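Here the structure is laid out as structure tokens; the discussion comes afterwards.
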Amino acid sequence: MITKTFTFNYRLNTRRFLAKVMKTYFSILVVSFLVLLSFGETFAQKTIVIDGYKVLPAIVFDGDTMANVLIPQIVVFPKRKFSSKRDLREYQRLIRNLKIVYPYAQIAKYKISEMDAHYRTLKTERERQAYVKQVEKELREEFEHQLVKLTFSQ
């Protein structure tokens, strides 16, 4: 009789202990899930747009509402000084040429990265050569009449 009572109490105590452990683990799991979920909501704030204008976050300071915006830092250089008029003309020519050629450089950068990504996927040398010829032909058709007008220095 004593052994039966002991085993019954042992089993009952073991079940209670396991139930407490399971409740503890479950509550820890729920709390950690809620914490992770709250982090996702914190960073998912969307900007509000009314009539095409963004509504900025604001702070009320001494009854005055001020926008709370992070403005990137800029560097302002002093006006450039040239030692001679020739240096000034060379600089102006450089800037003019750069303004003419820069858009083509941006397009070339984009097209080359696009071409390189596709080129790496090709397996045989024959496919690669055919692809290069095709891209070269397309680029000539698209830009040749514009590039012929450029000077050598540009």
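Under the numbering used here, the first residue of the sequence shown carries the number 62, and numbering increases by one thereafter.
Glycine included, every Cβ here is placed at the ideal spot set by N, Cα and C.
Computed from a prediction, not measured in an experiment: that's the story for all the values here.
Secondary-structure assignment with DSSP links Val-116 through a beta bridge to Ile-109. In its chain, beyond the 5 residues on either side, no residue has a beta carbon closer than 6 Å to the beta carbon of Thr-212. Per DSSP, the beta bridge partners of Val-121 are Thr-126. Shown here, Ile-156 sits in a helix according to DSSP, grouped into three states. Close CB contacts of Leu-131 within its chain, under the 7 Å cut and outside five residues either way in sequence, are absent.
A check of alpha carbon separations from Asn-158 across Leu-79, Ser-214, Ala-80, Leu-95 identifies Ser-214 as the nearest. Apart from the 5 residues on each side of it in sequence, Pro-118 sits with its Cβ closer than 6 Å to the Cβ of Asn-129 in its chain, given in chain order. If you look at Leu-200, you'll find it in the alpha helix (DSSP H) that goes 186-208.
Assignment of Leu-90 by DSSP, reduced to helix, strand and coil, places it in the helix class.
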